[in-house]
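Trainee: Following this message is one structure expressed as structure tokens.
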Amino acid sequence: MSKIEYPVELQVGDLTLRGMVHRPDSFPYPMVILFHGFTGNRVDDKFLFVRFARRVAANGWGCVRFDFSGSGESDGEFKEMTLGREIEEGKEILRFVRRMEGVDPEKVFLCGFSMGGVVATHVAASMPECVRGMCLWAPAGNMREIAEECFRTGIPLPDGGVDLEGIALGRPFYEELKEWDLYEGISSYKGPVLILHGDRDESVPLKWSRRYLQVYGASARLHSIRGANHVFSRISWREELFSESIAFFKSVLGSEQGA
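Numbering (the working numbering), first residue to last: 27 to 285.
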């Protein structure tokens with residue numbers, strides 16, 4: 027099946043978010059929205075998102091991958107990034123995608139990697155009627171601990187933030203997470219959830235996905251990828267990640283059309 031790729035922009039407040047759409051040449055089609063992780067972007071580690079989006083589009087679905095503000099090519103400064111801000115941007119992305127020409131608004135899926143998985147859970151909880159299913163790749167339920175480590179090891183900056191290996195990380199990011207139970211309230215999303223996680227993930231240990239499984243209950247399934255690290259940095263791990271995600275999308279729709 028032939029596929030089409032083109033850049034897209036979305037205005038959120040006074041900032042422009044920049045993304046890339048991958049879609050088939052026939053309408054209408056289901057759509058997968060990708061949310062990248064902490065310090066990531068719409069390409070992500072070793073082209074993870076690009077390869078997955080093309081795989082999705084080659085099989086008759088659409089896929090869109092945006093940079094959150096302050097990341098990649100989107101407007102804004104990374105030091106102003108907070109999880110709450112990315113969740114709000116995620117909601118705007120979802121609204122935008124459901125209005126896109128050719129997209130079946132009743133067949134929109136979320137797929138979030140690491141902190142992007144956390145974003146996806148809160149977007150789905152806020153707009154459950156708009157999300158047909160959700161796939162979480164190594165969702166970072168330990169963002170509070172990650173933020174604490176960043177501020178412990180980063181070089182202090184005059185404004186209260188830290189220099190994190192050449193990136194300015196703002197203090198509000200840490201302050202917001204200090205008192206936030208990231209699992210609270212997300213169970214209001216009752217749709218199907220697939221959680222994929224490497225069993226050798228040292229950045230976000232597998233136990234955090236087990237907790238997501240407990241929160242979502244019978245509507246969720248956890249698939250651990252043997253030997254995989256946080257970024258799934260082997261071809262076989264990525265093949266398993268992609269194939270399991272695709273099988274999940276197909277099973278939710280229960281149709282012959284697949285991604």
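Yeah, the Cβ is synthetic: ideal placement off N, Cα and C, and Gly gets one too.
1. Between which two residues does the beta strand (DSSP E) containing R154 stretch?
2. Check F268 in the structure and name its three-state DSSP category.
3. Is the beta carbon of F104 less than 9 Å from the beta carbon of L195?
4. Leaving out five residues before and five after Q37 in sequence, what residues of the same chain have Cβ atoms less than 6 Å from its Cβ?
5. For H223, which residues does DSSP report across the bridge?
6. If you reduce the DSSP assignment to three classes, tell me which class P198 lands in.
7. State the DSSP-derived secondary structure class of K133, mapped to helix, strand or coil.
8. If you run the structure through DSSP and keep just helix, strand and coil, what is E205?
9. Go ahead and pull the three-state DSSP assignment for T147.
10. Consult DSSP for F189 and reduce its assignment to one of helix, strand or coil.
11. Taking its Cβ as the centre, do 16 or more other Cβ atoms sit within 10 Å of E115, making it buried, or is it exposed?
12. Can you find the residues in the same chain that come closer than 7 Å, C-beta to C-beta, to S152, ignoring five residues on each side of it along the sequence?
Mentor: The short version:
1. Position 128 of the sequence shown holds residue 154. The sequence as given places Pro at residue 154; Arg does not occur at that position. Per DSSP, P154 belongs to no beta strand (DSSP E) and is neither H nor E.
2. Taking the sequence shown and counting its residues from 1, the one referred to as residue 268 is at position 242. In the three-state DSSP reduction, F268 falls in the helix class (H, G or I).
3. Walking along the sequence shown from the start, residue 104 turns up at place 78. Walking along the sequence shown from the start, residue 195 turns up at place 169. In contact: F104 and L195 (Cβ atoms closer than 9 Å).
4. Stepping through the sequence shown from its first residue, residue 37 is reached at position 11. Cβ within range, chain order: n/a, list empty.
5. Along the sequence shown, one-based indexing puts residue 223 at 197. As a beta-bridge residue in DSSP terms, H223 pairs with S250.
6. In the sequence shown, residue 198 corresponds to position 172, counting from 1. Residue state, collapsed to three classes: helix.
7. To locate residue 133, count along the sequence shown from 1; it is residue 107. For K133, the three-state secondary structure derived from DSSP is strand.
8. Translated into the one-based positions of the sequence shown, residue 205 becomes position 179. Secondary structure at E205: coil, using DSSP grouped into helix, strand and coil.
9. The sequence position of residue 147 within the sequence shown is 121, counting from 1. Helix at T147.
10. Counted from its first residue, the sequence shown places residue 189 at position 163. It should be noted that the sequence gives Asp, not Phe, for residue 189. Strand, per DSSP.
11. Position 89 of the sequence shown, counted from the first residue, corresponds to residue 115. With a threshold of 16 other beta carbon atoms within 10 Å, E115 meets it and is buried.
12. Position 126 of the sequence shown, counting from 1, holds the residue named residue 152. Only K117 meet the Cβ criterion.
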